[in-house]
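> In the working numbering, the protein residues as written are 39 to 146.
Each residue gets a CB set at the ideal place from its N, CA and C atoms; glycine is no exception.
Got a structure here, written out as structure tokens. Questions coming.
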């Protein structure tokens with residue numbers, strides 16, 4: 039598949055990766071970082087899969103459908119965890135994750 043066909047998705051994946059990395063870093067600086075353990079774990083998971091899927095699309099992977107299905111599931115899990123926390127970085131991350139999950143579902 040041509041990268042150009044998925045350019046918007048690649049941008050959404052990148053935005054989600056950035057939001058997750060920011061949330062991850064901010065959660066590590068919270069007073070009670072143990073309370074944020076699930077959020078931190080899912081932020082890393084989500085950032086990694088978003089980066090991998092974006093890179094795979096740019097390389098012309100024939101597995102866009104399969105990868106975006108997995109990515110959507112991880113983005114939803116991360117978004118659901120982040121929305122539990124009232125921190126601005128978590129809310130911003132949840133929004134980015136839900137947008138990315140929707141874009142991935144459309145590509146799948």
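Can you grab the Cα-Cα spacing for the pair residue 39 / residue 105, in whole Å?
For residue 39, the pLDDT reaches just 48, beneath the cut-off of 50, and the residue's location in the model is therefore unreliable, leaving the point undetermined.
> Just the C-alpha distance for residue 80 and residue 119, rounded to the nearest angstrom, thanks.
Those two C-alpha atoms are separated by around 8 angstroms.
> Please classify residue 99: does DSSP put it in a helix, a strand, or coil?
Residue 99 falls in the coil class under three-state DSSP.
> In three-state DSSP terms, what is residue 124?
Three-state DSSP puts residue 124 in coil, outside helix and strand.
> Put residue 59 into one of helix, strand or coil per three-state DSSP.
Of the three classes helix, strand and coil, the one that applies to residue 59 here is helix, per DSSP.
> Is it buried or exposed for residue 141, if we count other Cβ within 10 angstroms and need 16 for buried?
Its Cβ being crowded by 16 or more others within 10 Å, residue 141 is buried.
> Starting from the C-beta of residue 121, find all residues in its chain whose C-beta is less than 6 angstroms away, skip the five residues before and the five after it, and write them out in chain order.
Same-chain partners within the cutoff: 132.
> Under 8 angstroms, do residue 61 and residue 88 count as touching if we go by C-beta distance?
Against a cut-off of 8 angstroms, the Cβ pair of residue 88 and residue 61 comes out as no contact.
> For residue 59 and residue 124, I'd like the C-alpha separation in whole angstroms.
Cα to Cα, the separation comes out at about 17 angstroms.
> If I measure Cβ to Cβ from residue 127 and keep anything under 7 angstroms in the same chain, skipping five residues before and after, which residues do I get?
Cβ within range, chain order: 60, 61, 64.
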